[in-house]
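Below: the structure, in structure tokens.
In the working numbering, the protein residues as written are 558 to 808.
Set out below in structure tokens:
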């Protein structure tokens, strides 16, 4: 039975990537109409059944109600717990952060990787690259708006940047970026370390006190692009800041 530790929807909301403690990554097809009870699940739709990831498959092409369950195959390049999963904003790439200190990149809608099976439709996950450089468990990661860059934190409080441009030089894919990224626009912000959150540490707080960060996806004031960032702490508090909190004692 898989103990699940991370999950993420793709931008279209029709696929869900799920990571497990044992290092598995499984891609589920989301069938909202079936979940809502509007019709039987379609062939190849992924479901969670009793904690096991399985698929319902139609056994009789003339009768969609005749179905059986088979166990979902899994991507498993890591043998350690999956800490974080995120699809790129353009939906083409899946980034998987692991306790083994690596980030694995997969093509989200192309040739499959480790998912060949004659009984169900292809879902498209091909291994692209491995980001190597962190000295501890990778805990947080974010994509840039243009899907060309990744940023990540680890439990050693490192902030690293990675080449993730599928349209660029393929030899650079997954390599560490050494130059400054302070002007990069990020699609999400979950990292606890970075230029955009330099001022989110109140007096008496340090890196060890901050567990999670979430930036509002949409500006509350579109004209001035005003956003907020929420911070979860070891002290049981949720702190709310104007985004970006780049100065000490930010409001």
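We treat Cβ as the ideally placed atom computed from N, Cα and C, and that holds for glycine.
Just so we're clear, the structure is a prediction, and the values are computed from it rather than from any experiment.
Same chain only: Cβ atoms within 8 Å of residue i, ignoring 5 sequence neighbours per side
i: residue 725; result: 705
i: residue 774; result: 745
i: residue 698; result: 641, 643, 652, 654, 660, 707, 708, 709, 710, 747 and 748
DSSP three-state assignment for residue i, whether helix, strand or coil
i: residue 790; result: strand
i: residue 741; result: coil
i: residue 768; result: strand
i: residue 727; result: helix
i: residue 803; result: coil
i: residue 644; result: strand
i: residue 752; result: helix
i: residue 617; result: Confidence at residue 617 is low in this model, with a pLDDT of 46, below 50, so the placement of that residue should be treated as unreliable; the coordinate-derived value is given next. Here residue 617 sits in strand by DSSP.
Among the options, the one whose alpha carbon lies nearest that of residue i
i: residue 563; options: 655, 636, 649 and 634; result: 655
i: residue 582; options: 804, 653 and 688; result: 653
i: residue 640; options: 715, 721 and 696; result: 696
i: residue 637; options: 791, 693, 785 and 714; result: 693
i: residue 748; options: 727, 633, 711 and 741; result: 711
i: residue 657; options: 728, 708 and 579; result: 579
i: residue 762; options: 662, 685, 794 and 688; result: 794
i: residue 585; options: 736, 665 and 635; result: 665
i: residue 722; options: 764, 686, 799 and 713; result: 686
i: residue 740; options: 729, 752, 730 and 731; result: 752
i: residue 755; options: 800, 720 and 719; result: 800
i: residue 684; options: 715, 650 and 713; result: 650
Neighbourhood of residue i by C-beta, 6 Å cutoff - its chain only, sequence neighbours within 5 removed
i: residue 744; result: 646, 700 and 702
i: residue 690; result: 717 and 733
i: residue 566; result: 573
i: residue 618; result: With a pLDDT of 47 at residue 618, under the threshold of 50, the predicted position of this residue should be treated as unreliable, and no value is reported.
i: residue 571; result: 587
i: residue 791; result: 766
i: residue 575; result: 561, 564 and 583
i: residue 771; result: 787
Residues bridged to residue i (per DSSP)
i: residue 709; result: 698 and 717
i: residue 688; result: 660
i: residue 586; result: 572
i: residue 564; result: 575
i: residue 796; result: 788
i: residue 639; result: 655
i: residue 649; result: For residue 649, which the question treats as bridged, DSSP gives no partner whatsoever.
i: residue 734; result: 718
i: residue 683; result: 664
Own chain residues within Cβ distance below 7 Å of residue i, not counting five before or after
i: residue 568; result: 644, 646 and 648
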